[in-house]
Amino acid sequence: MKIRSAEFILSASKAGQFPTPSLPEIAFAGRSNVGKSTLINSLLNRKKLVKTSATPGKTQLINFFRINDEFHFVDLPGYGFAKVPGSVRLKWKDLVEDYLRERETLRNVVLIIDCRHNPTVQDRQLMEWLQHYQRPALIVASKIDKLKRGQVQKHLKQIQKELSLETAPLGHSSLQSGKRDEIWKELTPWLIN
Ligand SMILES: Nc1nc2c(ncn2[C@@H]2O[C@H](COP(=O)(O)OP(=O)(O)O)[C@@H](O)[C@H]2O)c(=O)[nH]1
Ligand SMILES: [Mg+2]
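Using our numbering, the first residue of the sequence shown is number 9, and each one after it goes up by one.
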């Protein structure tokens, strides 16, 4: 995918603030700190379009980006950060579930799992929502550079087994640009009208 333009549109804290549904959308979901923003920047070949951080943020907003004036990338708020109070967690659930249920332009959800860990309860919850709302999903295992080469396949297979996936997740590393093309190959067909 050739990226000609990538711009931030808005942040939404409730469904009424989502941009008018027009262009096809791909959303990105995953635990805080899993590498979601890094993956988006890597796919767009931008260093800092989406802010990344070593300390997980507490903001619970959905961020919309317009790419090539042709489609949207949507950065869903991260989950699983132990220190957030229950009220914030409930707000996250409402916001993300509203989006997954209602958004008619949503074509595919990229669910990102840290390749080093087994999927969490919230990863599974998200998988269940995606199945329930019949949302096509692409599972990406992030940070594969953190594993020894010989260990990567084993971890991908383990995640496949844990989530009962038909195929193993795609491995990604922000340090290996070749991985970007494999993910684009899976996503591009969803953006064709
Ligand atoms: N080694 C390595 N670090 C990564 C990778 N992806 C993200 N990170 C780091 O993980 C931290 C969290 O990344 P970020 O994209 O902000 O996570 P988010 O909270 O899911 O959006 C940052 O310090 C990133 O530099 C990767 O593929 N490899
Ligand atoms: Mg982020």
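All residues carry an ideal CB built from backbone N, CA and C; glycine is no exception. Predicted model, so just to flag it, every value in this text is computed and none were measured.
Whole-angstrom distance between residue j and residue i, CA atom to CA atom
i, j, result
"L138", "R157", "31 Å"
"D102", "I75", "27 Å"
"T175", "K169", "9 Å"
"G43", "Y87", "12 Å"
"L4", "L108", "Outside the displayed span of the chain (9 to 201) sits residue 4, for which this structure offers no information."
"S185", "K22", "35 Å"
"D77", "S13", "7 Å"
"G179", "Q161", "9 Å"
"N71", "Q159", "34 Å"
"K4", "N49", "An answer regarding residue 4 cannot be provided, because it is not within the stretch 9 to 201 covered by the chain."
"V92", "K59", "20 Å"
"D153", "D131", "21 Å"
"W100", "S40", "12 Å"
Residue burial classification, residue i (beta-carbon count within 10 angstroms, cutoff 16)
i, result
"T196", "exposed"
"F16", "exposed"
"T46", "buried"
"I11", "exposed"
"P29", "exposed"
For residue i, the residue or residues it bridges with in DSSP
i, result
"H80", "E33, R74"
"L18", "F72"
"Y87", "R39"
"G5", "With the chain covering only 9 through 201, there is no way to say anything about residue 5."
Close-in-space but distant-in-sequence residues of the same chain around residue i (CB under 8 Å, 5 per side omitted)
i, result
"A126", "Checking the sequence shown, residue 126 turns out to be Asn, not Ala. Same-chain partners within the cutoff: Q166, I167, E170."
Own chain partners of residue i with C-beta closer than 7 Å, once the 5 adjacent residues on each side are dropped
i, result
"L69", "S19, A20, S21, P85"
"H140", "none"
"V117", "A35, A37, L138, R143, A145"
8 Å Cβ cutoff, residue i in contact with chain D
i, result
"S182", "The structure shown contains no chain D; it is built from a single protein chain."
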